[in-house]
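The next block holds one structure in the form of structure tokens; read it before the comments.
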Amino acid sequence: MGRWSVGRSARTGATSRPAARPRASWWRTPRSRPACRCSSRRLRRAYRLDPDRRRRCRSRSGPRPPARSRPRRRRAARSDVRSGASPLSPSNRSGRPSVPSGTSSSQAWPDHLMPTLSSWDNVFQNPPTYVSCPPSPSQEYECDSSIQGQRAVRRRRCPLSATQSVVDFIHDTPAGKIPAEARENGRRALLDTIGVTLAGVDEPSARVVRSLVEREGGEGVATLLGTNVRAPLAAAALANGTAGHALDYDDVTANVTGHPSIPLMPAVLAVGESVGASGADVVAAFLVGFEVECKVGRAMGRSHYARGFHSTTTLGALGSAAAAVRLLRLDRGQTGNALGIASSMAGGLRANFGSMTKPLQAGNAARAGVVAALLAQEGFTGGDDILDGPFGFVRAFSPAEDGDIEQVGGFGDPWEVVSPGISVKKYPCCFVSHRAADATLALISEHGIGAEQVERVEVHLPNGQVSATGGVGPMIHPRPQTGLEGKFSMQYVVASALLDGEVKFPNFDDRAVARPAAQALLRRVEPMNDTQRHPAATTDQYTAVDIHTTDDRVLSRAVTEARGGPADPLSWDELLDKYRDCAARALPAEQVERSAQMLRDLEAVADIRELTATLATGTAVAPV
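Residue numbers (the working numbering): 39 to 662.
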């Protein structure tokens, strides 16, 4: 009976099964061999050392003849191996690993098995310093494609990963190469952000966080702005970031879909104060963090924000880490680790808008960047390519089709702080409502109407921005009950402009929002989606306000660019006026003026501690 024939047993008469094929001791039969695992990282490394193994895996044709019948071509030793010495020693010219010590020649592995076992042994016992090459931007660099100590290193061109492009930008951008326009806009952003932080020092959310920082204590190396308290770096970044976002008065930009400066300013001030950085160094670090934050934000697309993430804080953690790394002067390996650490500390949800947690999220982003940089400085590790791959930052936070890792690049061409630029807020509320506030205040000024003459108000927006519940983008509170909710209510912003003739800090006090007149009027303000362009609009991007009066008039005004935006920026004088108005809520008049002038000429400041001293009240002391 043949080995594979079918017959009957002589003893039982039962049909016999085919005889089993002899199974090699070193390889499974085709019948029992598991599915191919070419995608396994360890196997990919092993395949480089044993090309025959890859052919066996692909062909599924069973074991090949022993290697001795197919002699290997010897390779000459080269000097550029990873380990620094040739693996082909005079005693081992075969090009294959030697038999392990303690093993006799009779116990030696079969010739065909040696490369495979040696490959695995090397992978497990000597983890290589391996440069991965995922799909990424068109830039390229030289990288190693062999495993340490096994073969002479082969050089090939491979694409530069997105993470590596960020690391290179952080390290290869001297302050002198940053254009003057970008540096000026950086100073403007720092002036504005520090001002709104001083204004928010006594807000409830800022007070609670500051109280916690004081109770926890620690070495006081950084200033809590507008107070006499000094705290550890991470705690100071948390407290200042929370205060800076408490009023929602800080700047915004398009690619982040949020507030780019507020996670960065607390990080650069805290770290800069600890190392005695110059004003020019602080501005450069701020701009580098701003660029990283916004370029990664561009790659994330709109789906990141649409899914409910607070992009100010997710992207802000990366930006603040980049800025802190720059000031701490970490090496490239530490920089990559810091980005990996910060990515895992990133977070924040839009569901918390209108609560104290929203400003806390901004403070936590600043804190995450500082902690990530400090941990990396101490040798803590993170993922090598945290932005790339199916489980990287971009794919995890923005899995929709508009998330594209290829867009991480083009750093400084142009600088994001220049184009699309930043929008400095004229009103202390969500920027989405600013065009409506501009239009309403313009109609009040032009026609002299008051709230008592208003029957109803229509706020027209294009592109389906208004939800079924009456919310407009991040403005999710059509019926606000508190000052924080009022900042995220299109209805209340328009109603308060009609009632008070202005939109300033007092409009967003809890008592102001709870006024019966305000609650009655906001119910007559209706945001509407336009299917066609509003007659008063000249472009497809606008906010139009129609005020229907009690005497049957309809007053209309459309605004395409909010005041303070890139197309209609505030002048230096207007910006300084905003700073003085904000800083006066926390500092004496003399310190307000001195700090304003230092911030305008920040790059001339030799030591940033000169500035932070003017931003503290009295003599700053460390908490006990």
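Glycine residues also receive a C-beta, built at the ideal position from the N, C-alpha and C atoms.
Contacts around A627, its chain only, beta-carbon distance under 6 Å, and the 5 residues preceding and following it disregarded: none
Three CB pairs or more closer than 8 Å across the stretch 262-280 and the stretch 319-336: Too few Cβ pairs lie closer than 8 Å, so no.
Contacting residues, own chain, Cβ-Cβ under 7 Å from G511 (five flanking each side not counted): Cβ neighbours of G511 beyond the five flanking positions: V470 and Q503.
P565 - containing beta strand (DSSP E), residue span: P565 -> beta strand (DSSP E) spans V563 to N567.
Alpha-carbon spacing of P153 relative to D319, whole angstroms: Its pLDDT being 41, under 50, P153 is placed unreliably in this model, and the coordinates cannot settle the point.
Helix, strand or coil at V306 [DSSP, three-state]: In the three-state reduction of the DSSP assignment, V306 falls in the helix class, which pools H, G and I.
For C620, the nearest candidate out of V204, L481, L271 and D288 (CA to CA): Comparing Cα positions, the closest option is D288.
Uninterrupted alpha helix (DSSP H) stretches inside the stretch 366-434 (no shorter than 4 residues): Those alpha helix (DSSP H) runs which fall completely within the stretch 366-434 and span 4+ residues are 370-383 and 395-415.
V246 burial status per 10 Å Cβ neighbour count (16 or more: buried): exposed
Where the alpha helix (DSSP H) through L487 begins and ends: The sequence shown places Ile at residue 487, not Leu. No alpha helix (DSSP H) holds I487; DSSP gives it neither H nor E.
Candidates S358, A389, L365 and F391: closest to G378 by CA position: S358
From A322, A344, A218 and E241, residue whose alpha carbon lies closest to that of S686: Because the chain in this structure spans residues 39 to 662, residue 686 falls outside the shown range and cannot be described.
Spatial distance of L398 from T235 (CA atoms): 13 Å
Validate contact between the stretch 450-463 and the stretch 545-562 using beta carbons, cut 8 Å, 3 pairs: no
Start-to-end residues for the alpha helix (DSSP H) that takes in T507: Note, T507: premise wrong, no alpha helix (DSSP H); not H, not E.
C-alpha distance - G486 paired with G346, whole-angstrom precision: 41 Å
Backbone CA spacing between G282 and T295 [nearest angstrom]: 18 Å
CB-CB length for V563 against C467, believed under 8 Å: Wrong, their Cβ atoms sit about 14 Å apart, outside the cutoff.
Beta-carbon gap between T201 and D426 smaller than 9 Å: The answer is yes: Cβ separation under 9 Å.
Coil, strand or helix - S25 by DSSP: Look at the range of the chain in this structure, 39 to 662, and you will see that residue 25 is not part of it.
Nonlocal neighbours in the same chain, by C-beta distance under 7 Å from F435, ignoring five residues either side: M338, H342, F347 and T352
Rounded straight-line distance, which links the Cα of Y580 to that of R120: For R120, the pLDDT reaches just 39, beneath the cut-off of 50, and the residue's location in the model is therefore unreliable, although a value from the coordinates is still provided. If you take the alpha carbons of R120 and Y580, they lie about 60 Å apart.
Residue from G521, A275, S299 and R340 whose Cα sits closest to the Cα of G310: A275
Straight-line Cα distance separating A308 from V597: 39 Å
C-beta atoms of D362 and G327 nearer than 9 Å: Position check: residue 362 holds Ala in this sequence, whereas Asp was assumed. Going by C-beta atoms, A362 is nearer than 9 Å to G327.
Minimum length 4: unbroken alpha helix (DSSP H) runs contained in the stretch 202-273: 218-237 and 242-254
Bridge partner(s) assigned by DSSP for A654: Paired residues: none, contrary to the question.
Those residues which DSSP pairs with S594 across a bridge: D584
Chain C within 9 Å of T507, Cβ atoms only: Checking the listed chains, one finds no chain C in this structure; it contains a single protein chain.
Beta-ladder partner(s) of G296, from DSSP: T291
Segment contact flag, the stretch 413-428 with the stretch 378-395, C-beta cutoff 8 Å, min 3 pairs: yes
Beta-carbon contacts of H515 that lie in its chain and below 7 Å, excluding the five residues immediately before and after: Residues of the same chain with a CB within less than 7 Å of the CB of H515, apart from the 5 flanking positions on each side, are G392, E523, F526 and S527 in chain order.
Three or more C-beta pairs below 8 Å linking the stretch 206-217 and the stretch 243-257: no
Span separating the alpha-carbon of A213 from that of R623: 34 Å
Buried or exposed by the 16-neighbour rule on C-beta atoms within 10 Å, applied to L412: buried
Endpoints, the alpha helix (DSSP H) within which H342 is located: S341 to A344
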